[in-house]
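Below is one structure, written out as structure tokens; comments come after it.
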Amino acid sequence: MTPEHLAKLISSGLTPEQALLTGHRSVNAAEAKQLTGHELPGLLLTYTDPSGKPYQVMTGKWAHKPFYRLRPDWAAARHAQKEHYQDADGAAPKYLSPKDCGNRPYFSPLCDWRRVMRKTSELVLLTEGELKGDAGCAYGFPAIAGAGVSAFVDRNSRGEWMAGSDGSAWDIDDGRGDDDDGQPVARFLPELESFPWKNRPVGIVFDSDLTKKFPVRKSLESLLTHVRARAGEGFPVLLPNELDGSKNGLDDFLARHGREALRLIIECFWAMQGNRNAMAKYGPASKLKGGTKIMGGRTADGQPHDGSQACLLKITEPEAHTKAVMTWAVLKEGWAYRPSLGWYRWTGKRWETIGDATLLAAEIGRFLTPKIGSNETVASMPTAKRKWRGAASFPNRSGIRRITSASRTGCSTLGTIRSTTTAPSFIALAACPTLTTWPRVAQTG
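What follows is the structure, given as structure tokens:
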């Protein structure tokens, strides 16, 4: 693996040892063409099933060959090669797949998938992008990755008969069908059908800018229906943006903020899914206008889904506790508190004395306040218009969890901070159990 490719994997939160264990490797243009059909140097991404065996392409030119994907090094490619792949705006794709091979799920070798499959109560994440799947697994979150947000389905045959858009069955191998457009209907990836979904909590984690992209939200909604069709307990997990508005993917967030921050955010959205604030609504299709019908698979009692049920994803203002955890997750690396001396802010090189919490309050307000020309906050959520007065309890999947404002670290909490911005008007961080243990005592010296 070249130093540049190793550095890319490390930037996704992997250690050098983990990067090598993924099985990804650097290839020159000739080798890439032999393995993927694309004569471009780059990073070759290895796809294996949960048992560690390479996926085999079943049909076409690549039949009986392993399935790989390529992350091209465009800087090293010839100009004519790059032009061949560029779209109308001059942008070249970040990743390439072998032609006419469809999609496959990416099971990172950094996870013991056989153990995960035996334990159906264990959380599994679904995410977009192989490196994000690697990052999730490296940090202890079993994450199945698709090549993109819509890559958990495809129309490519594995040698089986498939349904045409008119309901007829046909074999994609001969390239003919009875439907009008000559294409089979996209279906959930066959490689995922044998995965034990029933009663399993399944968090879907896409990039934090999904609130701005309607097609991405519909892909998330569609994926929720596929999980539901197999009796899984799917729920969306929304990541916050950074303070400067830059987006977070799963790997970015883990590399910047760590495992505990992601764990708490996942717990928040799992709790929301169990109450009236759930963002993924399931119910009769006739009542969920605009939702995606649940087709394929079977209900928890074994009955086939007939499209009478649907899922509707509605991104709404999250609960106060969730917003507080998001705030803590993004700001925690940059702030520390020393008793009797006050607050310190990390400049990138050293800790700078701040004193009182006025500047911190301003940063919190900036994080939670909508940007100009938008009703979305840096936290990637709709504008908060309600006041949070520090309620003494918050809901979770097993009922109401009592919380305390006592700090286990011995540091003062932030208390109630008046924001200098218009929305939200108040944020009472002292009532959040995560925030009360946040202010780290700055190390002496």
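Okay, so the sequence shown: first residue is 5 according to my numbering, each after it adds one.
Heads up, the beta-carbon is just placed ideally off N, CA and C, and yes, glycines get one too.
Cβ-based burial, residue 46 [other Cβ within 10 Å; buried from 16]
The residue you call residue 46 lines up with position 42 of the sequence shown. When all chains shown are included, residue 46 counts as buried.
Assuming residue 89 is part of the alpha helix (DSSP H), what are its boundary residues?
Within the sequence shown, residue 89 is the residue found at index 85, counting from 1. Counting along the chain, the alpha helix (DSSP H) containing residue 89 begins and ends at 83-89.
In terms of alpha-carbon separation, which member of 366, 333, 108 lies closest to residue 70?
Within the sequence shown, numbered from 1, the residue matching residue 70 stands at position 66. Answer by Cα proximity: 108.
By the DSSP assignment, the beta strand (DSSP E) with residue 20 in it spans what residues?
By one-based count along the sequence shown, residue 20 stands at place 16. Per DSSP, residue 20 belongs to no beta strand (DSSP E); it is in the alpha helix (DSSP H), 20-25.
Apart from the five residues on each side of it in sequence, which residues of its chain come closer than 6 angstroms, Cβ to Cβ, to residue 9?
For this step, residue 9 is matched to residue 5 along the sequence shown. So the list reads 30, 47, once near-sequence residues are dropped.
Check residue 323 in the structure and name its three-state DSSP category.
Position 319 of the sequence shown holds residue 323. Three-state DSSP puts residue 323 in coil, outside helix and strand.
Counting Cβ pairs, one atom from each stretch, are 3 or more of them under 8 angstroms apart for the stretch 18-26 and the stretch 86-101?
no
Less than 9 angstroms between the C-beta atoms of residue 44 and residue 11, yes or no?
Against the sequence shown, residue 44 aligns to sequence position 40. Against the sequence shown, residue 11 aligns to sequence position 7. No, they are not a contact pair.
Report the residue from 154, 235, 195, 265 whose alpha carbon sits nearest the alpha carbon of residue 60.
The residue you call residue 60 lines up with position 56 of the sequence shown. Closest option to residue 60, Cα to Cα, is 195.
With H, G and I counted as helix, E and B as strand and the rest as coil, what does DSSP make of residue 371?
Sequence index remark: in the sequence shown, residue 371 carries index 367 (1-based). Residue 371: helix per DSSP, three-state reduction.
What do you reckon, are the CB atoms on residue 209 and residue 136 nearer than 9 angstroms?
Taking the first residue of the sequence shown as 1, we reach residue 209 at position 205. Taking the first residue of the sequence shown as 1, we reach residue 136 at position 132. For the pair residue 209 and residue 136, the CB atoms are nearer than the 9 angstroms cut-off.
Closest by C-alpha distance to residue 302, when choosing among 368, 201, 277
In the sequence shown, counting from the first residue as 1, residue 302 sits at position 298. The candidate whose alpha carbon is nearest that of residue 302 is 201.
Kindly indicate which three-state DSSP category residue 225 falls into: helix, strand or coil?
Counted from its first residue, the sequence shown places residue 225 at position 221. Residue 225 sits in a helix when the DSSP states are folded into three classes.
By the three-class DSSP mapping on this structure, what secondary structure does residue 9 have?
Taking the sequence shown and counting its residues from 1, one reaches residue 9 at position 5. Collapsing the DSSP output to three states places residue 9 in a helix.
With 16 other Cβ atoms within 10 Å as the buried cut-off, status of residue 4
For the chain, the structure presents residues 5 to 449; residue 4 sits outside this window and is missing.
Starting from residue 285, follow the beta strand (DSSP E) in both directions and report where the run begins and ends.
Position 281 of the sequence shown, counted from the start, is the residue given in the question as residue 285. Residue range 284-288 is occupied by the beta strand (DSSP E) that includes residue 285.
Counterpart residues of residue 295 in DSSP-defined beta bridges
Against the sequence shown, residue 295 aligns to sequence position 291. In DSSP, residue 295 forms no bridge with anything.
Could you give the DSSP three-state label for residue 79: helix, strand or coil?
Within the sequence shown, the letter at position 75 stands for residue 79. Three-state result, residue 79: helix.
Expressed to the nearest angstrom, what Euclidean distance is found between the alpha-carbon atoms of residue 440 and residue 306?
Residue 440 sits at position 436 when you count from the first residue of the sequence shown. Residue 306 sits at position 302 when you count from the first residue of the sequence shown. Below a pLDDT of 50, predicted positions are generally treated as unreliable, and residue 440, at 41, falls in that range; no measurement from the model is reported.
Tell me the rounded alpha-carbon separation between residue 22 and residue 260.
The count along the sequence shown starts at 1 and reaches residue 22 at position 18. The count along the sequence shown starts at 1 and reaches residue 260 at position 256. Near 17 angstroms, if we compare the C-alpha coordinates of residue 260 and residue 22.
Put residue 312 into one of helix, strand or coil per three-state DSSP.
Within the sequence shown, numbered from 1, the residue matching residue 312 stands at position 308. Here residue 312 sits in strand by DSSP.
CA-CA distance, residue 344 and residue 362?
Position 340 of the sequence shown, counting from 1, holds the residue named residue 344. Position 358 of the sequence shown, counting from 1, holds the residue named residue 362. Rounded to the nearest angstrom, the two C-alpha atoms are 16 angstroms apart.
So, does the stretch 218-238 touch the stretch 283-303, judging by three or more C-beta pairs under 8 angstroms?
Under the 8 angstroms Cβ criterion, the stretch 218-238 counts as touching the stretch 283-303, having at least three qualifying pairs.
What number of angstroms, rounded off, separates the C-alpha of residue 213 from the C-alpha of residue 251?
Numbered from its first residue, the sequence shown carries residue 213 at position 209. Numbered from its first residue, the sequence shown carries residue 251 at position 247. Answer to the nearest angstrom: the Cα atoms are 6 angstroms apart.
Ignore the nearest five residues each way along the sequence and tell me which others in residue 350's own chain have a CB closer than 8 angstroms to its CB.
Position 346 of the sequence shown holds residue 350. For residue 350, same chain residues with a beta-carbon under 8 angstroms away, outside a window of 5 residues either side, are 337, 338, 339, 340, 356 in chain order.
Residue 369: buried (16+ other C-beta within 10 angstroms of its C-beta) or exposed?
Residue 369 sits at position 365 when you count from the first residue of the sequence shown. Flag for residue 369 reads buried.
Which class does residue 260 belong to by DSSP, given the choice of helix, strand or coil?
The residue labelled residue 260 in the question sits at position 256 within the sequence shown. Judged by DSSP in its simplified three-state form, residue 260 adopts helix.
My output table needs one value for residue 50: the three-state DSSP class, helix, strand or coil.
Numbered from its first residue, the sequence shown carries residue 50 at position 46. The answer is strand: DSSP assigns residue 50 an E or B state.
Under a three-way DSSP split, which group does residue 271 fall into?
Residue mapping note: residue 271 aligns to position 267 of the sequence shown, counting from 1. If DSSP states are grouped into helix, strand and coil, residue 271 belongs with the helices.
For residue 282, collect the residues of the same chain with a Cβ closer than 8 angstroms to its Cβ; drop the 5 residues on either side in sequence, then sort them by chain order.
Position 278 of the sequence shown, counted from the first residue, corresponds to residue 282. For residue 282, where only same-chain residues beyond five positions count, the Cβ hits under 8 angstroms are 239, 276.
Following the continuous alpha helix (DSSP H) through residue 120, name the residue where it begins and the one where it ends.
Numbered from its first residue, the sequence shown carries residue 120 at position 116. Unbroken alpha helix (DSSP H) run through residue 120: 117-122.
Cβ of residue 125 within 9 angstroms of Cβ of residue 7?
Along the sequence shown, one-based indexing puts residue 125 at 121. Along the sequence shown, one-based indexing puts residue 7 at 3. Cβ atoms of residue 125 and residue 7: not closer than 9 angstroms.
For residue 137, the three-state DSSP class (helix, strand or coil):
As a working note, residue 137 is residue 133 in the sequence shown. In this structure, residue 137 counts as helix in the three-state DSSP scheme.
Using a Cβ-Cβ cutoff of less than 8 angstroms, which residues in the same chain neighbour residue 53 once the five nearest sequence positions on both sides are dropped?
Mapped onto the sequence shown, residue 53 falls at position 49. Cβ within range, chain order: 59, 111, 195.
Burial state of residue 197, where buried means 16 or more other Cβ atoms lie within 10 Å:
Start at 1 with the first residue of the sequence shown, and residue 197 comes out as number 193. By the 10 Å Cβ count, residue 197 comes out exposed.
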